[in-house]
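S.K.: Input: one structure, supplied below.
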Amino acid sequence: MSFDKIKQLFDELASLPPKSRTERLAQADIGEQTRGALRRLLDLDDAMAGDPERVLPVRDEPIPERIGPFTIDGLMGEGGMGRVFRAHREVSGVRQAIAIKVIRRDRLDAATRARFQLERQVLAVLKHPHIASMVDVGETIDGQPYLALEYIDGQHITQYAAEKQLGLRARIQLFRDVASAVAYAHRNLIVHRDLKPSNVLVDADGMAKVIDFGIAKPLMSQFGESEVGETQTAQRFFSPQSAAPEQLQGGLVTPSCDIYGLGALLYELLAGTPVFDFTGMNGLGIEKAILTQEPVAPSARIAVDAVAGMASDADLDAIALVCLRKNPEDRYSSVEKLIEDLDAWLDSRPVAARNGNSWYRFRRFVTRHRRSLAFAASLFVVMLVAGGLTFNAYRNSAAQTVRADQFAKMLIGAISSADPGRKSGVDLTARELFRSLVRTVQEAPDVAPNDRQDLQLTLTDILLRVGDSEAARKLLEATPVPTVGDSEHYFKYFTMKATLLRNEGKFDEAGLVYGDMLRNTTGNNHVGALLSQLRLRYERGEDAGLIPLLEQLKDPPLPNEYEVSRLGLIADIYRITGQYAPAQEQYEAAIALAEHVYPEGPAMQSRFRTHLLWLTSVQGDIESAERYLEAERIALETYHEPGSLPMLLYMGKAAQLLRRKGKPEEALALQREHLALLSGRVPADSPILINETFDLAQAEFEVGNRDAAMTYYEKVINQADRIHDVANPNRMLFRAAYCMQLASLGRWSSVATWIEPAVQNAEKEPSLKKWDVYPIVLAMKAGGTFGQNKTPENRRKFVEALKHAREGAESPETIGAVETLIAAVKSEGIDLGPREVSESAESEAKTP
1 MSFDKIKQLF DELASLPPKS RTERLAQADI GEQTRGALRR LLDLDDAMAG
51 DPERVLPVRD EPIPERIGPF TIDGLMGEGG MGRVFRAHRE VSGVRQAIAI
101 KVIRRDRLDA ATRARFQLER QVLAVLKHPH IASMVDVGET IDGQPYLALE
151 YIDGQHITQY AAEKQLGLRA RIQLFRDVAS AVAYAHRNLI VHRDLKPSNV
201 LVDADGMAKV IDFGIAKPLM SQFGESEVGE TQTAQRFFSP QSAAPEQLQG
251 GLVTPSCDIY GLGALLYELL AGTPVFDFTG MNGLGIEKAI LTQEPVAPSA
301 RIAVDAVAGM ASDADLDAIA LVCLRKNPED RYSSVEKLIE DLDAWLDSRP
351 VAARNGNSWY RFRRFVTRHR RSLAFAASLF VVMLVAGGLT FNAYRNSAAQ
401 TVRADQFAKM LIGAISSADP GRKSGVDLTA RELFRSLVRT VQEAPDVAPN
451 DRQDLQLTLT DILLRVGDSE AARKLLEATP VPTVGDSEHY FKYFTMKATL
501 LRNEGKFDEA GLVYGDMLRN TTGNNHVGAL LSQLRLRYER GEDAGLIPLL
551 EQLKDPPLPN EYEVSRLGLI ADIYRITGQY APAQEQYEAA IALAEHVYPE
601 GPAMQSRFRT HLLWLTSVQG DIESAERYLE AERIALETYH EPGSLPMLLY
651 MGKAAQLLRR KGKPEEALAL QREHLALLSG RVPADSPILI NETFDLAQAE
701 FEVGNRDAAM TYYEKVINQA DRIHDVANPN RMLFRAAYCM QLASLGRWSS
751 VATWIEPAVQ NAEKEPSLKK WDVYPIVLAM KAGGTFGQNK TPENRRKFVE
801 ALKHAREGAE SPETIGAVET LIAAVKSEGI DLGPREVSES AESEAKTP
């Protein structure tokens with residue numbers, strides 16, 4: 001059907017009474033998608049007719065004298081769903097003012113009752129100084145459910161700001177309080193969905209309170225005792241001026257809906273007028289404006305008195321407009337990120353919303369962080385490249401004294417800061433940037449051959465760091481193979497080749513490359529090849545005897561870069577073998593040296609600090625763990641933007657520490673938020689996303705959400721099997737952890753099914769058998785066999801496997817896992833006390 005015919009049908013339907021409209025819409029010869037769109041437009045048209053809060057006609061009802069224990073003082077307001085009364089009660093001689101929300105009798109259907117019950121449960125969860133708190137719930141004598149709330153004697157936030165003639169700074173501070181309340185709701189997985197001026201009241205003391213969670217949406221299928229689903233009530237009631245485009249279209253409800261609503265609220269606080277002028281528009285025109293019209297900057301529409309301190313501010317314009325972007329993924333990734341920009345504005349620091357202006361960011365960054373000028377310079381070079389300036393043009397500019405190798409080092413420093421792990425995930429913007437740079441380097445006509453080769457090898461390294469192995473492989477294949485006589489290029493080229501092979505799990509081939517490098521290199525390059533070969537042996541589980549070799553390398557002293565790698569590898573070996581005290585000492589030394597070797601960013605230091613955070617927390621040294629976490633935060637915030645991958649990874653580390661501190665509920669909430677944000681930044685099959693989903697599975701199980709945990713475990717296992725080589729230890733770890741949980745539930749048949757592939761992988765890759773998790777895997781395999789067939793022989797084998805796992809456990813975590821498994825099998829009548837061990841020994845002695 002053409003647009004004109006749809007418009008004619010809309011105009012016809014808009015003029016009909018509700019019953020006739022419903023019948024006519026059902027009979028119309030249109031598709032279901034168009035029918036649904038028209039239904040939403042008609043709801044919107046009703047919402048904008050007169051009072052936007054009032055969709056259905058309100059039936060006259062008398063004002064009651066009392067509701068529950070409260071005396072009614074008067075009617076405060078009413079809408080399509082219910083009425084709100086001002087009331088009070090006497091408590092120990094003190095008069096307490098209350099606001100009571102009651103559902104209208106003619107709206108007491110099952111869906112509305114469910115919606116109201118959900119609102120009551122939402123408010124029972126939310127305890128925040130800037131959210132109106134719940135006082136009581138109940139039903140009237142004739143069965144009308146009510147909700148008693150803290151009474152706020154105040155004004156709508158925009159009215160308050162106008163009447164008090166608040167200046168720009170005061171408005172932002174007030175708005176920040178509102179944002180903090182919304183962020184708190186999001187941490188509790190609740191989306192408000194109706195953040196408009198009338199739902200934020202400010203009392204005489206300037207305290208802002210968010211009210212009316214009537215159409216709030218929990219972000220889970222079960223909330224308290226309520227099943228959470230989208231109700232017709234929830235979809236009908238919304239405010240067009242603050243509704244995000246996806247709300248209007250019936251799309252997925254996410255925290256981004258509230259970010260849009262906050263943007264609309266901020267816009268009106270800044271401009272004194274709503275984002276859009278809907279005067280004279282019907283539903284069709286309103287929807288078109290919301291979905292397609294870009295709002296003008298608030299400063300262009302300022303309608304308040306200049307003496308109140310209001311003036312044009314490009315930073316605040318940018319903050320509001322980022323919130324109001326049409327696509328949810330283009331807005332702030334979370335309300336916390338919005339708050340960070342508000343704080344930056346209040347502190348006269350650069351705001352992330354203006355990232356598109358490279359000169360602005362450079363000027364503000366240098367002004368505030370003069371001591372970090374080296375890092376700012378590296379960012380500046382990246383900006384030049386991102387702006388389309390070719391390498392040749394850069395060399396011919398005022399910075400022509402910068403050599404190709406210096407240029408390359410700056411690029412490496414910048415991207416290393418953006419992603420501390422070689423295989424941690426993919427920042428698509430970085431991928432696109434450097435793929436574009438590859439083309440520029442390959443096509444530039446005036447780049448000297450040596451410089452071109454330098455840049456190609458450097459870009460191969462960068463592409464590996466952002467997880468783009470395919471592009472890295474193609475670029476390396478297009479790079480001329482250096483001769484042994486060209487020692488520097490030879491070392492770089494074959495280092496990249498070996499790295500690609502390692503990433504593909506081709507450890508034998510990578511080992512052959514390192515062997516050739518050791519035969520064909522001398523001096524520092526030889527040392528670099530040797531360290532890489534030793535690192536490869538460590539990754540394959542062949543760490544026996546490595547520490548003496550590494551200790552021999554320190555004399556004569558190595559170049560600092562290699563010394564950092566040596567210390568880090570020694571620390572890794574100590575850590576993986578459970579020798580935590582020397583591991584901590586080596587990591588500390590590596591960090592201290594890395595601060596001098598890598599001043600352009602904290603990538604290497606972050607890796608070491610992450611290991612320190614882990615090993616101190618598993619030993620129960622929470623104070624030290626918190627110190628390392630805080631050092632990590634400070635380092636990351638110095639170099640990284642809010643919402644960047646390293647900052648998101650920091651959230652995951654913080655969640656893990658909360659678990660160690662015995663705060664599983666807080667850890668789960670933060671881990672959920674962390675994973676939701678991370679999912680928008682990296683591909684679904686990114687190793688880092690898989691690892692973080694595994695942590696979420698652990699957290700869900702810990703608080704008793706077993707079904708959710710099992711779903712995540714199985715998802716992680718399947719994804720890891722798809723993207724990792726059999727030699728990757730995470731494939732074994734994920735299965736072992738899942739089977740531990742299954743065993744704790746007595747589901748031994750499932751244990752047998754899920755653990756078998758881990759055993760088969762160890763047969764294919766013998767290095768896995770050297771890991772202290774492997775005996776646990778064998779014990780669970782024996783347990784699965786016993787669970788399926790409880791013969792005396794299977795029982796004996798299971799006991800022996802448990803005993804072997806206990807003896808082979810090295811790290812505290814593995815020891816704890818074994819003891820957990822041993823505790824779980826007591827329900828099967830197996831106890832590894834003296835009686836069971838004795839029986840096992842006797843059986844073993846009698847076995848030929």
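In terms of the UniProt record's numbering, the numbers along the sequence shown are unbroken and rise by one, the last being 848.
All residues carry an ideal CB built from backbone N, CA and C; glycine is no exception.
Just checking, does the segment 276 to 296 make contact with the segment 179 to 186 on the three C-beta pairs under 8 Å criterion?
M.R.: The segment 276 to 296, when compared against the segment 179 to 186, does not touch it at the 8 Å Cβ threshold.
S.K.: Use the C-beta contact count for Glu700: other C-beta atoms within 10 angstroms, 16 or more gives buried, fewer gives exposed.
M.R.: So Glu700 counts as buried.
S.K.: Identify the continuous alpha helix (DSSP H) that holds Leu291 and give its terminal residues.
M.R.: Its alpha helix (DSSP H) spans residues 283 to 292.
S.K.: Could you tell me the distance, in whole angstroms, from the CA atom of His489 to the CA atom of Gly784?
M.R.: In a straight line, the C-alpha of His489 is about 54 Å away from that of Gly784.
S.K.: Out of Ala448, Glu119, Arg193, Asp205, which one is the CA nearest neighbour of Ile152?
M.R.: Answer by Cα proximity: Asp205.
S.K.: When DSSP labels each residue in this structure, what does Gln155 get in the three-state scheme?
M.R.: Gln155: strand per DSSP, three-state reduction.
S.K.: Can you tell me whether DSSP reads Asp486 as helix, strand or coil?
M.R.: Here Asp486 sits in coil by DSSP.
S.K.: Using the beta-carbon count (16 or more within 10 Å), is Pro793 buried or exposed?
M.R.: In the sequence on display, residue 793 carries Glu and not Pro. Under this definition Glu793 is an exposed residue.
S.K.: Considering only residues of the same chain and omitting the five flanking positions on each side of Pro245, which have a CB-CB separation below 6 Å?
M.R.: The residues are Ile290, Leu291, Lys326.
S.K.: Name the DSSP beta bridge partners of Pro145, please?
M.R.: Paired residues: Glu139.
S.K.: Check the DSSP bridge columns for Glu90 and list the partner residues they point to.
M.R.: Beta-bridge pairing links Glu90 to Arg95.
S.K.: Per DSSP, what are the beta-bridge partners of Asp203 in this structure?
M.R.: According to DSSP, which records beta bridges pairwise, Asp203 is partnered with Gly154.
S.K.: From Trp748 to Gln788, what does the alpha carbon distance come to, in whole angstroms?
M.R.: Distance between the alpha carbons of Trp748 and Gln788 is about 7 Å.
S.K.: If you check the beta carbons only, do Asn730 and Ala720 fall under 7 Å apart?
M.R.: Contact flag set, yes.
S.K.: Following the continuous alpha helix (DSSP H) through Asp516, name the residue where it begins and the one where it ends.
M.R.: That run of the alpha helix (DSSP H) goes 507 to 520.
S.K.: Among the candidates Lys653, Phe507, Ser679, Arg681, whose CA atom is the shortest distance from the CA of Leu668?
M.R.: Selected option, being the one with the closest Cα: Lys653.
S.K.: Return helix, strand or coil for Lys326, following the three-state DSSP convention.
M.R.: Of the three classes helix, strand and coil, the one that applies to Lys326 here is coil, per DSSP.
S.K.: What residue does the alpha helix (DSSP H) around Lys337 start on, and which one ends it?
M.R.: Residues 335 to 346.
S.K.: When DSSP builds the beta bridges, which residues end up paired with Ile100?
M.R.: DSSP, once it has assigned bridges, lists Phe85, Ala148 as partnering Ile100.
S.K.: Ignore the nearest five residues each way along the sequence and tell me which others in Ala344's own chain have a CB closer than 7 Å to its CB.
M.R.: Hits under 7 Å: Pro350, Val351.
S.K.: Within 10 angstroms of the Cβ of Pro240, are there 16 or more other Cβ atoms? Answer buried if so, exposed if not.
M.R.: When all chains shown are included, Pro240 counts as buried.
S.K.: Restricting to Cα atoms, I'd like to know which of Ser644, Arg659, Glu595 is closest to Glu626.
M.R.: The shortest C-alpha separation from Glu626 is found at Arg659.
S.K.: Evaluate Ile339 with the Cβ neighbour count: other Cβ atoms within 10 Å of its Cβ, from every protein chain shown; 16 or more gives buried, anything less gives exposed.
M.R.: That one is buried.
S.K.: Grab me the residues of Leu174's own chain with a C-beta within less than 6 Å of its C-beta, minus the 5 sequence neighbours each way, in chain order.
M.R.: If we look at Leu174 and ignore the five residues flanking it on each side, its Cβ neighbours are Ala208.
S.K.: Ignore the nearest five residues each way along the sequence and tell me which others in Ala87's own chain have a CB closer than 7 Å to its CB.
M.R.: Answer for Ala87: Ile67, Phe70, Thr71, Ile72, Asp73, Ile98, Ile100, listed in chain order.
S.K.: With a cut-off of 8 Å on the beta carbons, I'd call Ala727 and Arg540 a contact; round off their distance for me.
M.R.: With 8 Å as the limit, Ala727 and Arg540 qualify as a contact, their Cβ atoms being about 7 Å apart.
S.K.: Counting along the chain, where does the alpha helix (DSSP H) carrying Asp258 start and finish?
M.R.: Segment 255 to 271, the alpha helix (DSSP H) holding Asp258.
S.K.: Reducing DSSP to helix, strand and coil, say where Ala208 ends up.
M.R.: Strand at Ala208.
S.K.: Exposed or buried, what is Pro646 when buried is set at 16 or more other beta-carbons lying within 10 Å of its beta-carbon?
M.R.: Buried is the call here.
S.K.: What residue range does the alpha helix (DSSP H) around Glu793 cover?
M.R.: 792 to 808 is the extent of the alpha helix (DSSP H) around Glu793.
S.K.: State the beta-bridge partners of Arg66 as determined by DSSP.
M.R.: Beta-bridge pairing links Arg66 to Thr71.
S.K.: Select from Val703, Ser348, Ala583, Glu329 the residue whose C-alpha is nearest the C-alpha of Leu252.
M.R.: Selected option, being the one with the closest Cα: Glu329.
S.K.: Out of Asp772, Ala823, Phe786, state which residue places its alpha-carbon closest to the alpha-carbon of His804.
M.R.: Checked all of Asp772, Ala823, Phe786; the closest Cα to His804 is Asp772.
S.K.: Does the segment 562 to 574 come close enough to the segment 585 to 595 that 3 or more CB-CB pairs lie under 8 Å?
M.R.: At 8 Å Cβ cutoff, the stretches touch.
S.K.: Tell me which residues share the same chain as Lys764 and place their Cβ nearer than 6 Å to its Cβ, disregarding the 5 neighbours each side in the sequence.
M.R.: Result list for Lys764: Val726, in chain order.
S.K.: Where does Glu78 sit, in a helix, a strand or coil, going by DSSP?
M.R.: In this structure, Glu78 counts as strand in the three-state DSSP scheme.
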